[in-house]
Structures are given as structure tokens and as C-alpha cells.
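Trainee: Taken in order, these protein sequences are the chains called V and D.
To convert, note that position 147 of the first sequence is 145 in the numbering used here; the numbers rise steadily by one, no gaps.
To convert, note that position 113 of the second sequence is 111 in the numbering used here; the numbers rise steadily by one, no gaps.
Sharing a structure with you now.
Number of protein chains: 2
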Amino acid sequence: MRKAASVASLASVIKAGDMSKKPAPGAIRSKQTRLSPDERRKDFVRKATEFFADEGFGGGTRELARRLGVTQPLLYRYFPSKDDLIKEVYRNVYLKPLEGGWEKRLTDRSRPVRERLGEFYETYTDAILNRTWLRIFLFSGLKGHDIHRDYVGVVRDQILTRVIKECRAEAGLPTQAKPTAAELETAWVFHSGIIYYGIRRYIYEWPVLGDKNLMIANALDVYLAGINKAYAELSRAKPSRATPSTRSRVAALR
Amino acid sequence: MRKAASVASLASVIKAGDMSKKPAPGAIRSKQTRLSPDERRKDFVRKATEFFADEGFGGGTRELARRLGVTQPLLYRYFPSKDDLIKEVYRNVYLKPLEGGWEKRLTDRSRPVRERLGEFYETYTDAILNRTWLRIFLFSGLKGHDIHRDYVGVVRDQILTRVIKECRAEAGLPTQAKPTAAELETAWVFHSGIIYYGIRRYIYEWPVLGDKNLMIANALDVYLAGINKAYAELSRAKPSRATPSTRSRVAALR
DNA sequence: GCTAGAATTTATCGAAAGATAAATAGACCG
DNA sequence: CGGTCTATTTATCTTTCGATAAATTCTAGC
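Encoded structure:
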């Protein structure tokens, strides 16, 4: 209890230091704790994001309050329930990587597709491959919350579909309406392989290849080489319909 | 309470049905609850595995007992604490996919590498790509428990290292002692892409490509095409040492 | 400086958690 | 059939959880 109080003071001093208005007129205040409702609410969401990333959504509200340097009932002045706080955390986490809007640059056909893909994955992974984002993502996925499903849907529709379409265009194939199930699956294997790099690095904390962008470049080279080879065989065998007996794996990419 | 009791009876009837010894001499017993210590213990571990897979390790011991059709304190007759039960669940889950020893067949060079890899991943994924195994794997990974780290280490040393070595052999390259960091990373991207297929299918419950082995075949084709292309460029540029300025991405696979 | 209002704390509730001790009841043996 | 052993249950303790109500302390505005 005593320790918590001292932490509270310390936190408030730090907070006061970078607050724009009211820069603590006198010397270092040891009791300055009050924040404006807006600041306090933001602080709750920010610290709760870190906290739930560490502990999972089963983490206690008292421990969370301790991290903020306040008492536990204060939470309920700002959020009706713990679940409402969690929803706010979701919004904070899931919306951030999408607001860049980088996926639109994928379709800029004035540049080679390899370059576009590389640039996209470098910036996208800058936003999501970190301990906090990945853990919140995994915890919410295991809970089966709607927002996680929505997000994965966005990845499929806004990112993977575009990636496939651009690869087809590059290979001289018709950029038909929808990718086939097998095309999508192969793109998923590539994409999630990259996500999993982050999981191994920031969650399992394994000594991975330090250069993230090199990993992306290698993965992309492998993916594009494989896809293009399949597309090449596909267009070669295109005129003659594949016989059922020789329905090869690459043919399945159609 | 009343309901729990009826569930208990039902469970015991079913249990009695497939018990080898003592096949319930009389008619269907409605109060037959007692199991031998060995059977009861196994039942605890089995049901706890399912339970923790569903609820996470934060799931309550009362709810677990309810699933067994017994009361909660009985757990402590068989396990000193909940943590000990969890450790037993770990053993049950993590050891199963390894006891097949399929990874050794990866090195059987009398057969083409493509065939060996396909067969291995088909049987390996038969063992681990299911809701229970994947959820326990993810939960324990987020908890950072030792056994998870150990398992990932086994995957790297027993599986990926072998995969890389066999691919190098196929490409006519020296199967040197250790794979490079970039080689390992590329293999990880491929491998975890396959795992993630299971996660999307059995945890996020997305409508994935139904034919698992087709997914594996496609992923393998892409991986091998990409890797072999890189290896080909590598051996072509081998005699002359790569200049620093043109140190390409594939060169990094060395 | 005083006061009003709001941010924060203190005190506390009921439910559910893991765990223990004592009582009960089913099964085996003579 | 009766007795003993033990698997199982009943009862209960202590914490910790999310949540609420009332008291308190800080701060802004006159």
C-alpha cells in the first residue's frame, strides 16, 4: 500500500512533466495526482493495453490500477465495466495498423510488384510486429471476439486479395473477380509465415534473424518464385483443359 | 447441484460401458461412480486437456470437476495443486506428436525429397492441427512456460534443420554443419505458414481450403521452387565471391 | 481565501477462486 | 453377511475478483 502510493506520486510527476498545460508551477510536487477526465481515460486505455498484453484479459483490475498509480474503483468512474475497457483497448489496438492505409499503395502499377509488396510488408510489419500488438491479437483470437474475426476479414479482403491480383497481373493472367481458394490459401501461408516471425521474435523471444526486412525479402522471393512458376505452368496448360487424372497441384491454383 | 449429480451418473454409465474390467454385472447402474485411481487420474488429465483448451488455464477447477461428473475437491486427491495438473496436461499434449518419430524418415535419401517432405508434413499435421493441440500450444506459449520453448527448440533442431539439409543435398550443395540464420528463417516462414493454416481453420474457424494435404502440397511447391531458385543463383555466383555492393537477398541465404 | 464541484480514495459487498479437513458411501474380502 | 479400506462428497476457510456507495481531497473560479 505504501509502495503503491509512492509509485503513484512518481507516475504523476512524470506525467506532469510531459503534460502541455499546467506544467507544475512550483518545485517537484509529491502529491500531484489528479488528471483531467480526458487524460485519465486515455491513460487507462494506454496502460490497460500494455497490461492486458502482459497478463491476458484475465488480469485483475487492482493490478492494473496499481500500474496507473490510482486505486481500483476509479476505473469504474471512466468505464462501466471491465469488458467496456477491454473493448476500448481493442479499438485502440486494431484500428492503429489500419489507419495508415498502406494497402492501397499495393495497386500502384507504375512500380514493379516486387517493390510494392516489399514496401507494404515492411511498413505494415513495423506497425504490428511488436510484443503488445501481437499478444493482444493472440489473446483476443483465442477468446473468439468479433473484432478479431473482423480484422482477419480485412486482412483477407484488403491485403491478400490485392496481393494475389497484382501477382496475376504481373504474370499476364486475367485479374479475375475473386482469387481461388488455393491461391488465397497459398497467400495466407506466406502472410502468416511473416506474422509468425514476429511471434517467435517478440512473444516466444527466440533469437531470430535480426534483420526483419531481410526476412521479408527472402520470404517474398520464395513466394513470388513459387507463385510465378505455378502461374507459368498454368498458362502453358491453359488451352487444353487439365485431365482429371493429371489434375496436378499447381492446376489447383486456378 | 441436482443437475451435476445426474451428469455424474450419466458419465459414469458411459464410462462403465467402455471399461475393460468389471463390465457392470447387473443392469445399467445409475449410481456407479467409482473409478480405479489409475483410471480416474487419466480421466482428469484427458478432460483437463479439453477443458483448458476451451477455457485457457484460467478455467476453474469446479467447472472442470463438473465436466468429469465429480466434485471439485476430488482433484486434490490426485494432484497436489492445479499447476501440477497443468504440467501433466502439458506432458500429455506436447509428447504425443513427437512419439511418432516421423522426423527421422525425412533423411531417407532413397526417396525424392519432395515426397519425403510431403509425407512428413501430412502425418505431422494430422497429429497437431486440431483445436485442442493448437489452443494448448498457444495458451502455453503466451504463458511463456518452459515446455513450450523446449518444443519449439525440438521443431527447429529435429525438423527444420533436417528439411534444410535435405534441400541442400537435393540442390547439390554441401550439407554443412549448421543452416544459416536466413535459411532457417525462410524454413520457419514456410513451416509456420502451415501451422497457421490450422489456427485459421480450427481456432479462428475460418472457411479455409478444405483439403489440408492440397494446402501442404501447394505450400511445399512454392517453398521448394523459391529455395531452389535461390540455391541455383547461389551456386552460379559461388566461384566469385559476391561483391558487397551487389550482396543480393538470395546471397544472404548462405 | 473561500466555496463548489469533481477527481479520487476508503470501505465494503457478493461471487468465485484454490485448497483443506472431516464425513460418507461404495467395493472388495473373509 | 459384516467389516474394512478408500474413492468420493459435504462443509468450510482464505483470497481475490469485479463492482458499488459513501467519504475525502484536490483544484478551479469568484
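The beta carbon of each residue, even a glycine, is placed where N, CA and C say it ideally should be.
According to a CB-to-CB cut-off of less than 8 Å, which residues of the segment 49 to 73 of chain D neighbour chain V?
Mentor: Cβ contacts with chain V: 54, 56.
Trainee: Which term fits residue 254 of chain V, buried or exposed, when burial requires 16 or more other beta carbons within 10 angstroms of its beta carbon?
Mentor: Nothing in the structure corresponds to residue 254 of chain V, since chain V is present only between -1 and 252.
Trainee: CA-CA distance, residue 100 of chain D and residue 118 of chain D?
Mentor: For the purposes of this step, residue 100 of chain D is taken as residue 102 along the second sequence, with counting starting at 1. For the purposes of this step, residue 118 of chain D is taken as residue 120 along the second sequence, with counting starting at 1. Going from the Cα of residue 100 of chain D to the Cα of residue 118 of chain D covers about 6 Å.
Trainee: Any beta carbon from chain D within less than 8 Å of residue 162 of chain V's own beta carbon?
Mentor: For this step, residue 162 of chain V is matched to residue 164 along the first sequence. No - not a single Cβ of chain D is within 8 Å of the one on residue 162 of chain V.
Trainee: Specify whether the segment 199 to 215 of chain V and the segment 141 to 156 of chain V touch according to this definition: at least 3 beta carbon pairs, one from each stretch, less than 8 Å apart.
Mentor: In short, these stretches do not touch, since the Cβ pair count stays below three.
Trainee: Taking Cβ-Cβ distances shorter than 7 Å, what residues in chain D pair up with residue 191 of chain V?
Mentor: Counted from its first residue, the first sequence places residue 191 of chain V at position 193. By Cβ distance, chain D contributes 187, 188, 190, 191.
Trainee: Note down, in chain order, every chain D residue with its Cβ under 8 Å from the Cβ of residue 221 of chain V.
Mentor: The residue labelled residue 221 of chain V in the question sits at position 223 within the first sequence. In chain order: 220, 224.
Trainee: Would you say residue 243 of chain V lies against chain D (beta-carbon separation less than 8 Å)?
Mentor: The residue labelled residue 243 of chain V in the question sits at position 245 within the first sequence. Summary for residue 243 of chain V: the model assigns pLDDT 38, below 50, so the residue's position carries little reliability, and this model does not support an answer.
Trainee: Which of helix, strand or coil does DSSP assign to residue 210 of chain D?
Mentor: Indexing the second sequence from 1 puts residue 210 of chain D at position 212. Three-state DSSP puts residue 210 of chain D in a helix.
Trainee: So, is the C-beta of residue 134 of chain V closer than 8 Å to a C-beta in chain D?
Mentor: To locate residue 134 of chain V, count along the first sequence from 1; it is residue 136. It does not: the Cβ of residue 134 of chain V has no partner Cβ on chain D nearer than 8 Å.
Trainee: Let me make sure I understand the geometry here. Which of V:39, V:97, V:92, V:96 has the alpha-carbon closest to that of residue 72 of chain V?
Mentor: Your numbering for residue 72 of chain V matches position 74 in the first sequence. Checked all of V:39, V:97, V:92, V:96; the closest Cα to residue 72 of chain V is V:39.
Trainee: Measuring CB atoms only, is the segment 161 to 178 of chain V touching the segment 173 to 186 of chain D, in the sense that at least three cross pairs come out at less than 8 Å?
Mentor: With the cut-off at 8 Å, the segment 161 to 178 of chain V and the segment 173 to 186 of chain D do not touch.
Trainee: Measure the beta-carbon distance from residue 213 of chain D to residue 195 of chain D and round it to whole angstroms, keeping in mind my assumption that it falls under 8 Å.
Mentor: The residue given as residue 213 of chain D occupies position 215 in the second sequence. The residue given as residue 195 of chain D occupies position 197 in the second sequence. With a Cβ gap of about 6 Å, residue 213 of chain D and residue 195 of chain D count as contacting.
Trainee: Below 8 Å between beta carbons: does that hold for residue 200 of chain D and residue 107 of chain D?
Mentor: For the purposes of this step, residue 200 of chain D is taken as the residue at position 202 of the second sequence. For the purposes of this step, residue 107 of chain D is taken as the residue at position 109 of the second sequence. For residue 200 of chain D and residue 107 of chain D, no; Cβs fall outside 8 Å.
Trainee: Would you decide whether residue 81 of chain V is buried or exposed? Buried here means 16 or more other CB atoms lie within 10 Å of its CB.
Mentor: Counting from one through the first sequence, the residue named residue 81 of chain V turns up at place 83. Label assigned to residue 81 of chain V: exposed.
Trainee: In or out: residue 75 of chain D buried (at least 16 other Cβ within 10 Å) or exposed?
Mentor: On the second sequence, residue 75 of chain D is found 77 positions in, with the first residue counted as 1. That one is exposed.
Trainee: Count the other C-beta atoms from every protein chain shown that fall within 10 angstroms of the C-beta of residue 62 of chain V, then say buried if there are 16 or more, exposed otherwise.
Mentor: Counting from one through the first sequence, the residue named residue 62 of chain V turns up at place 64. Buried.
Trainee: For the candidate residues D:88, D:137, D:66, whose alpha-carbon lies nearest to that of residue 56 of chain D?
Mentor: Against the second sequence, residue 56 of chain D aligns to sequence position 58. The candidate whose alpha carbon is nearest that of residue 56 of chain D is D:137.
Trainee: Looking only at C-alpha atoms, which of V:86, V:220, V:171 sits nearest to residue 230 of chain V?
Mentor: Your numbering for residue 230 of chain V matches position 232 in the first sequence. Comparing Cα positions, the closest option is V:171.
Trainee: Check whether the Cβ of residue 153 of chain D lies closer than 8 Å to any Cβ atom in chain V.
Mentor: Looking up residue 153 of chain D in the second sequence gives position 155. Not closer than 8 Å to any Cβ of chain V, the Cβ of residue 153 of chain D fails to qualify, so no.
Trainee: At the 8 Å Cβ level, is residue 137 of chain D part of the contact set with chain V, yes or no?
Mentor: For this step, residue 137 of chain D is matched to residue 139 along the second sequence. Taking Cβ atoms only, chain V reaches closer than 8 Å to residue 137 of chain D, which makes this a yes.
Trainee: For residue 131 of chain V and chain D, any beta-carbon pair shorter than 8 Å?
Mentor: Indexing the first sequence from 1 puts residue 131 of chain V at position 133. Output row for residue 131 of chain V: interface = no.
Trainee: State yes or no: is the beta carbon of residue 183 of chain V nearer than 8 Å to at least one beta carbon in chain D?
Mentor: Residue mapping note: residue 183 of chain V aligns to position 185 of the first sequence, counting from 1. It does: the Cβ of residue 183 of chain V has a partner Cβ on chain D nearer than 8 Å.
Trainee: Short of 8 Å Cβ to Cβ, which residues in the segment 79 to 93 of chain V face chain D?
Mentor: Listed by position along the chain: nothing, the set is empty.
Trainee: Just verifying my parser: in three-state terms, what is the DSSP assignment at residue 139 of chain D?
Mentor: Counted from its first residue, the second sequence places residue 139 of chain D at position 141. The answer is helix: DSSP assigns residue 139 of chain D an H, G or I state.
Trainee: Rounding to the nearest angstrom, what Cα-Cα distance links residue 27 of chain V and residue 46 of chain V in this structure?
Mentor: What you label residue 27 of chain V is simply residue 29 of the first sequence in a count that begins at 1. What you label residue 46 of chain V is simply residue 48 of the first sequence in a count that begins at 1. Interpretation of residue 27 of chain V is limited by its pLDDT of 37, a score under 50 that renders its predicted location unreliable; no figure is taken from the coordinates.
Trainee: What residues in its chain sit with their C-beta under 8 Å from that of residue 44 of chain V, if we drop five residues either side in the sequence?
Mentor: If you number the first sequence from 1, residue 44 of chain V lands on position 46. Cβ neighbours of residue 44 of chain V beyond the five flanking positions: 90.
Trainee: Can you tell me where the alpha helix (DSSP H) holding residue 78 of chain V begins and where it ends?
Mentor: Numbered from 1 along the first sequence, position 80 holds the residue referred to as residue 78 of chain V. No alpha helix (DSSP H) holds residue 78 of chain V; DSSP gives it neither H nor E.
Trainee: Which whole-angstrom value describes the C-beta separation of residue 184 of chain V and residue 225 of chain V, a residue pair presumed to lie in contact below a C-beta threshold of 8 Å?
Mentor: Locating residue 184 of chain V in the first sequence gives position 186, counting from the first residue. Locating residue 225 of chain V in the first sequence gives position 227, counting from the first residue. The pair is a contact, with the Cβ atoms about 7 Å apart (cut-off 8 Å).
Trainee: Residue 140 of chain D and residue 54 of chain V look like a contact to me (Cβ under 8 Å); what is the Cβ gap, rounded to whole Å?
Mentor: Sequence index remark: in the second sequence, residue 140 of chain D carries index 142 (1-based). Sequence index remark: in the first sequence, residue 54 of chain V carries index 56 (1-based). About 7 Å separates the two Cβ atoms, so the contact holds.
Trainee: Just checking: is the beta-carbon of residue 202 of chain V within a distance shorter than 8 Å of some beta-carbon in chain D?
Mentor: What you label residue 202 of chain V is simply residue 204 of the first sequence in a count that begins at 1. Chain D contact via Cβ: present.
Trainee: With a 10 Å radius around its C-beta and 16 neighbouring C-beta atoms as the bar for buried, classify residue 69 of chain V as buried or exposed.
Mentor: Mapped onto the first sequence, residue 69 of chain V falls at position 71. Flag for residue 69 of chain V reads exposed.
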